[in-house]
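Chemist:
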Amino acid sequence: GSLTDIKVALEDAVHDLTMITGQKPIKTKSKKSISNFNLRLHQEIGCKVTLRGKIMYDFLLRFIRAALPRIRDFRGIPNGGFDGRGGYTLGVKDHSIFPEIEIDRVKRNLGFDVTFVTSGKDREETREMLSLMGMPFIVRTQDAAKTGNKETTDGQEVLAA
Numbered sequence: 655g656s657l658t659d660i661k662v663a664l665e666d667a668v669h670d671l672t673m674i675t676g677q678k679p680i681k682t683k684s685k686k687s688i689s690n691f692n693l694r695l696h697q698e699i700g701c702k703v704t705l706r707g708k709i710m711y712d713f714l715l716r717f718i719r720a721a722l723p724r725i726r727d728f729r730g731i732p733n734g735g736f737d738g739r740g741g742y743t744l745g746v747k748d749h750s751i752f753p754e755i756e757i758d759r760v761k762r763n764l765g766f767d768v769t770f771v772t773s774g775k776d777r778e779e780t781r782e783m784l785s786l787m788g789m790p791f792i793v794r795t796q797d798a799a800k801t802g803n804k805e806t807t808d809g810q811e812v813l814a815a
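Printed below as a string of structure tokens:
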């Protein structure tokens with residue numbers, strides 16, 4: 655689209671991310687020009703926010719208790735996003751799963767990534783910490799065999815995929 659379309663979309667993204675996180679995001683800029691994408695050096699192309707302390711925990715609880723249950727056909731959080739050093743990243747395809755977003759005002763779906771950084775030393779420790787906070791991970795297949803060959807999430811039971 656045109657430059658004004660991009661600026662309007664970026665302002666919408668900043669507004670919606672502020673509503674979701676409770677903190678104003680910073681705009682990110684391109685690191686180089688790519689002519690095939692009509693992208694210029696230092697052009698504003700996205701936004702990001704880092705949450706710490708109480709705001710981070712508030713977001714985590716809203717994400718687990720309010721947003722995840724609003725995902726259609728939700729079967730649990732995938733296990734593939736661990737980095738092995740205490741981090742877990744997952745993608746959210748549609749920002750309108752958050753109750754703070756007014757569906758009538760949404761012009762386009764915005765997807766974003768969420769990275770949770772913990773003090774966990776490895777994949778298992780990180781998974782355990784997030785599970786104890788209520789993150790409904792899909793139970794791994796070898797663990798699911800113990801529960802009658804069904805995969806489970808915290809408080810939910812789903813068929814093994």
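Using the working numbering, read the sequence shown as starting at 655 and increasing by one per residue.
Where is the CB? At the ideal position from N, CA and C, for every residue including glycine.
Fair warning: this is a prediction, and the values are worked out from it, not measured in the lab.
Are threonine 780 and threonine 769 touching if we call contact CB-CB under 7 Å?
Modeler: Against a cut-off of 7 Å, the Cβ pair of threonine 769 and threonine 780 comes out as no contact.
Chemist: Only counting the same chain, and skipping five residues up and downstream in sequence, which positions put a Cβ closer than 7 Å to that of alanine 745?
Modeler: Going by the sequence as given, residue 745 is glycine instead of alanine. Same-chain partners within the cutoff: Gly765, Asp767.
Chemist: Quick one: grab the DSSP three-state call for isoleucine 725.
Modeler: Isoleucine 725: coil per DSSP, three-state reduction.
Chemist: Can you give me the C-alpha to C-alpha distance between isoleucine 699 and asparagine 763, rounded to a whole angstrom?
Modeler: Rounded to the nearest angstrom, the two C-alpha atoms are 16 Å apart.
Chemist: Kindly indicate which three-state DSSP category glutamate 698 falls into: helix, strand or coil?
Modeler: Correct three-state label for glutamate 698: strand.
Chemist: Consult DSSP for aspartate 748 and reduce its assignment to one of helix, strand or coil.
Modeler: Three-state DSSP puts aspartate 748 in coil, outside helix and strand.
Chemist: Just to check my reading of the structure: valine 662 and proline 679 have Cβ atoms closer than 8 Å, yes? What is that Cβ distance to the nearest angstrom?
Modeler: That belief does not hold up - the Cβ atoms of valine 662 and proline 679 are roughly 16 Å apart, past 8 Å.
Chemist: Given that a residue counts as buried once 16 or more other Cβ atoms are within 10 Å of its Cβ, and exposed if not, what is glycine 809?
Modeler: Its pLDDT being 45, under 50, glycine 809 is placed unreliably by the model, and nothing is read from it.
Chemist: Are leucine 705 and threonine 675 closer than 7 Å when you measure CB to CB?
Modeler: Yes; because the gap between Cβ atoms is below 7 Å, this pair is in contact.
Chemist: From arginine 724 to phenylalanine 713, what does the alpha carbon distance come to, in whole angstroms?
Modeler: Going by the C-alpha atoms only, they are around 15 Å apart.
Chemist: If distances are taken between C-alpha atoms only, which option among Gly774, Met710, Lys686 comes closest to glycine 738?
Modeler: The shortest Cα separation from glycine 738 among Gly774, Met710, Lys686 belongs to Gly774.
Chemist: Count the other CB atoms, across all protein chains shown, that sit within 10 Å of the CB of methionine 787; report buried if there are 16 or more and exposed otherwise.
Modeler: That one is exposed.
Chemist: Around the Cβ of isoleucine 731, are there at least 16 other Cβ atoms within 10 angstroms (buried) or fewer (exposed)?
Modeler: Buried: at least 16 other Cβ atoms inside 10 Å.
Chemist: For aspartate 767, does the three-state DSSP call read helix, strand or coil?
Modeler: It is a strand residue.
Chemist: I need the DSSP call for glycine 601, collapsed to helix, strand or coil.
Modeler: No statement about residue 601 is possible, as the shown extent of the chain runs from 655 to 815 and does not include it.
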